[in-house]
Amino acid sequence: MAEVNVLEAIRETLDEALSEDDRVFIIGEDVEAGGVFRATDGLAKRHPGRVKDSPLAESSIIGISIGAAHYGMRPIAEIQFADFIHAGFDQLCSEASRWSYRTKGEQYLPMVVRTPWGGGVHGGQHHSQSIEAYYTHMPGIKVVAPSFPADYRSLLKASIADPNPVLFLEHKRTYRLVKQDVANAPAETSIGRARITRRGADLTMFAYGLMLHECLAASEELAGEGIECTVVDLLSLQPLDVETVLEAARMTGKVLVVHEDTLTGGFGGEIAALIAEHAFEYLDAPIRRLAAPDIPAMPYHHAMEAFFMPDKQKIAAAARDLAAY
Amino acid sequence: MSTETQTPTTLRGLTREQADHFLHQMVLIRRFEEKSGEMYTKGKIRGFLHLYTGQEACAVGAVNVLEERDKVITHYRDHGHALARGLDPNRIMAELYGRVDGVSGGRGGSMHLYDVEKGFLGGYAIVTAHLPLAVGLGLASNLQNEDFVTLCIFGDGSVGEGEFHEALNLAALWDTPVIFFCENNLYGMGVPFQQSLSTEISTLAEAYGITTENVDGMDVVDVYHAAKRAVEHCRAGSGPYFIEALTYRYRGHSMADPELYRLKEEVDEHRKRDAIQRLRSEMVEAGWLDDAGYQAVVDRVEREVDEAVAFADASPEPALESLFDNILAEDARG
Ligand SMILES: Cc1ncc(C[n+]2csc(CCOP(=O)(O)OP(=O)(O)O)c2C)c(N)n1
Ligand SMILES: [Mg+2]
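As they're listed, the protein sequences go chains G and C.
Using numbering that gives the first Met the number 0, read the first sequence as starting at 0 and increasing by one per residue.
Using numbering that gives the first Met the number 0, read the second sequence as starting at 0 and increasing by one per residue.
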């Protein structure tokens with residue numbers, strides 16, 4: 000199979016799911032014409048009636064998906080930008096997350112909500128947000144955030160097959176960032192598994208989404224300076240692969256958690272807390288978190304935006320400090 | 000032969016001064032948008048840019064009926080509304096550039112213009128999020144026994160959102176002085192509005208018991224008179240008013256739009272309704288304008304837009320530390 004980028008991997012996976020299972024359908028804004036990022040390009044034509052344009056109505060896009068899932072359908076909802084999902088927060092958190100719980104497991108809700116998240120496209124305050132922490136806080140929803148085409152593919156397949164609501168986060172800057180031969184990619188991932196992507200003895204980085212790529216780039220640079228990093232691709236935030244997280248922390252005794260979301264209450268706090276609770280005696284330095292500053296919105300100006308987002312340089316600098324501790 | 004006796008004093012109810020003003024503003028908006036598009040192509044403006052060309056009559060006709068104490072709140076396609084409200088073109092262009100002299104100092108960009116002093120409470124890129132805010136402003140106006148009116152502008156795409164219905168219901172229930180002004184340009188991104196709506200927009204507004212009008216959104220005079228009736232209605236304490244203005248955007252949804260959903264012929268057809276040319280020819284007919292006069296307007300606008308670009312080019316990049324200012328009231332600085 001040829002090499003594909005993330006968008007192509009997503010499109011092919013959606014196409015296959017629509018072909019293989021007539022309970023699968025897609026609902027979202029502009030999806031019939033292919034969507035803002037072209038993730039559903041051509042699918043409406045290939046699967047008539049099963050790729051459905053919705054008006055701007057995020058709460059209903061999610062609510063309708065819940066209703067259809069009640070009847071055993073396998074809806075895949077697209078929220079055009081993660082920034083627009085907030086109107087549907089209530090449907091996801093108050094309704095979707097609780098169905099299997101309140102029915103004592105008599106019914107599950109097999110549904111996927113795909114949405115592009117993250118900054119770096121000069122989109123400013125309403126087109127750049129990180130939303131994962133709102134949902135990882137909510138038991139009853141799975142949250143996945145891949146970085147490479149092959150993982151997008153296997154995790155999207157797994158999300159569609161999963162009997163639970165899955166929030167599938169697609170970092171928009173990863174869409175065309177790298178290509179991968181998905182057929183011969185590393186072992187298929189499943190939801191709830193992290194991957195140690197790189198091994199090095201000096202310190203361990205944890206990341207997901209675009210920041211995973213930045214961590215890998217920083218590690219490459221640091222290796223040239225004699226600092227060897229372990230890099231963990233978290234892939235699935237909820238459920239989290241606690242075992243791999245702890246193992247990777249214990250391997251080096253120095254931990255750098257990186258995310259693009261703002262610091263306070265961000266998902267990095269959860270990683271740090273787990274390691275502090277369960278791997279304290281292995282630590283050789285205080286746990287470091289590198290995140291966006293606590294500012295209410297991604298600024299528009301390009302230099303301000305760059306200041307807001309962690310990147311390779313900032314990661315390398317934090318890692319050097321940590322290595323020297 | 001003396002022309003004075005033949006020159007009418009009004010043009011469909013507009014004074015000559017008003018007509019001059021409307022023409023200037025519409026040409027200014029048109030040129031400002033074209034220039035913004037150029038600056039985007041040159042990489043001076045980044046991110047998402049949504050141009051307003053074609054819809055000028057809506058902003059100019061509606062905003063100009065307001066008094067200083069009135070408010071405007073609008074969607075993300077907001078440059079035209081800001082210019083019509085009299086925001087400084089220099090500071091708007093500087094914001095599109097993300098510079099320190101921009102209205103938001105580079106924090107907001109194209110979709111988030113504002114000017115509190117001018118009662119311009121912002122562009123909103125979360126579609127429909129500002130409709131309840133407009134009702135809140137209307138409620139404040141009533142509670143404080145004031146008579147300011149809020150002009151709330153949005154696109155046809157807003158109509159599918161729940162907040163649209165919540166806002167209309169409460170505005171009507173509480174008789175808030177809000178003008179809901181729907182710029183129906185036939186599309187929400189690439190989706191024709193008929194494909195997103197089970198009924199007519201004005202039918203919906205009427206269902207909430209709101210006085211509703213349909214106007215030709217490419218006729219500035221028509222828009223102006225409708226908006227004037229709306230302001231009088233709201234000012235008199237008779238509750239909200241709904242205007243659906245049928246208009247058309249000439250450019251794509253944003254700079255990135257390949258426009259696969261419509262034909263060039265369709266765009267050309269709507270260009271025949273062009274608001275600027277329409278007012279221009281009516282003014283010529285009235286004997287208020289000749290070619291030289293129109294050229295003078297174009298020249299003046301060219302200077303204004305060039306100045307805005309020069310201003311933006313010269314404006315410094317914002318200081319990164321300033322990002323921490325004003326997160327909470329306690330952080331006020333600068
Ligand atoms: C809540 C929300 N959902 C979706 C979007 C993405 N989006 C931005 S503009 C737009 C279409 C809006 O159409 P309309 O209201 O008709 O305004 P127009 O672009 O035609 O001026 C969409 C879907 C958004 N910005 N906010
Ligand atoms: Mg529209």
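C-beta atoms are modelled at their ideal positions from N, C-alpha and C, and glycine is treated no differently.
| query | result |
| --- | --- |
| Proximal residues, the segment 183-202 of chain C versus chain G, C-beta separation under 8 Å | GLY187, MET188, GLY189, VAL190, GLN194, SER195 and LEU196 |
| Residues in the segment 101-135 of chain C having any Cβ partner in chain G nearer than 9 Å | GLY101, SER103, GLY104, GLY105, ARG106, GLY107, GLY108, SER109, MET110, HIS111, TYR123, ALA124, ILE125, VAL126, THR127 and ALA128 |
| Partners in chain C for SER58(G), counting only beta-carbon separations shorter than 7 Å | GLY161 |
| Residue of ALA56(G), PHE36(G), ASP14(G) and ALA76(G) minimising C-alpha distance to PRO47(G) | ASP14(G) |
| Any C-beta of chain C under 8 Å from that of ASP52(G) | yes |
| Where the alpha helix (DSSP H) containing TRP173(C) begins and where it ends | TRP173(C) -> no alpha helix (DSSP H), and no H or E assigned at all. |
| Ranges of the beta strand (DSSP E) found wholly within the segment 123-185 of chain G, counting only runs of at least 3 | 141-143 and 164-170 |
| beta-carbon ASP20(G) near ligand 2 non-hydrogen atom, thresh 7 Å | no |
| Pairwise C-alpha distance: ILE209(C) and SER201(C) | 9 Å |
| The segment 111-124 of chain G: positions lying closer than 8 Å to chain C by Cβ | VAL120, HIS121, GLY122, GLY123 and GLN124 |
| Reference VAL266(C); option with closest CA among THR52(C), ALA204(C) and THR14(C) | THR52(C) |
| Start and end residues, beta strand (DSSP E) containing SER235(G) | 235-237 |
| Sub-8 Å separation of GLU259(G) and SER129(G) beta-carbons | yes |
| Buried or exposed (CB count within 10 angstroms, at least 16 for buried), GLN179(G) | buried |
| Same chain, Cβ closer than 8 Å to ALA318(C), neighbours up to 5 away in sequence not counted | VAL99 |
| CB contact check: TYR247(C) to chain G, cutoff 8 Å | no |
| Touching by the beta-carbon criterion (3+ pairs, under 8 Å), the segment 173-183 of chain C and the segment 257-271 of chain C | no |
| Spatial neighbours of VAL214(C) in its chain, beta-carbon cut-off 7 Å, leaving aside the 5 residues before and after | ASP221, VAL222, ALA225, ILE242 and ALA244 |
| Alpha-carbon to alpha-carbon, HIS277(G) and GLY104(C) | 46 Å |
| Heavy atom of ligand 2 within 7 Å of TYR207(G) beta-carbon | no |
| Which residues DSSP lists as bridging ILE209(C), in chain order | Bridge partners of ILE209(C): none, in fact. |
| Segment contact flag, the segment 162-171 of chain G with the segment 131-143 of chain G, C-beta cutoff 8 Å, min 3 pairs | yes |
| Same chain only: Cβ atoms within 7 Å of TYR100(G), ignoring 5 sequence neighbours per side | GLY139 |
| Bridge partners - GLY187(C), DSSP secondary structure assignment | VAL190(C) |
| Residues bridged to ILE75(G) (per DSSP) | ILE25(G) and VAL111(G) |
| Span of the alpha helix (DSSP H) around ASP14(G) | 5-19 |
| Span of the beta strand (DSSP E), counted from its first residue to its last, around THR229(G) | 228-232 |
| Cβ pair ILE84(G), ILE25(G) closer than 8 Å | no |
| TYR186(C): CB within 7 Å of a non-hydrogen atom of ligand 2 | yes |
| Proximity winner among ASP19(C), PHE323(C), SER237(C) and ARG250(C), relative to PHE147(C) (alpha-carbon distances) | SER237(C) |
| Complete alpha helix (DSSP H) runs within the segment 72-154 of chain C (minimum length 4 residues, chain order) | 78-83, 88-96 and 129-142 |
| The segment 150-162 of chain C touching the segment 181-198 of chain C, judged by at least three CB pairs closer than 8 Å | yes |
| Proximity of TRP287(C) and ARG15(C) at Cβ, strictly below 8 Å | yes |
| Cβ neighbours of GLY85(C) in the same chain (closer than 8 Å, five flanking residues each side left out) | LYS117 |
| Test: ALA95(G) CB closer than 8 Å to a CB of chain C | no |
| Where HIS126(G) meets chain C, residues with beta-carbon distance less than 9 Å | GLY46, PHE47, MET110 and ALA124 |
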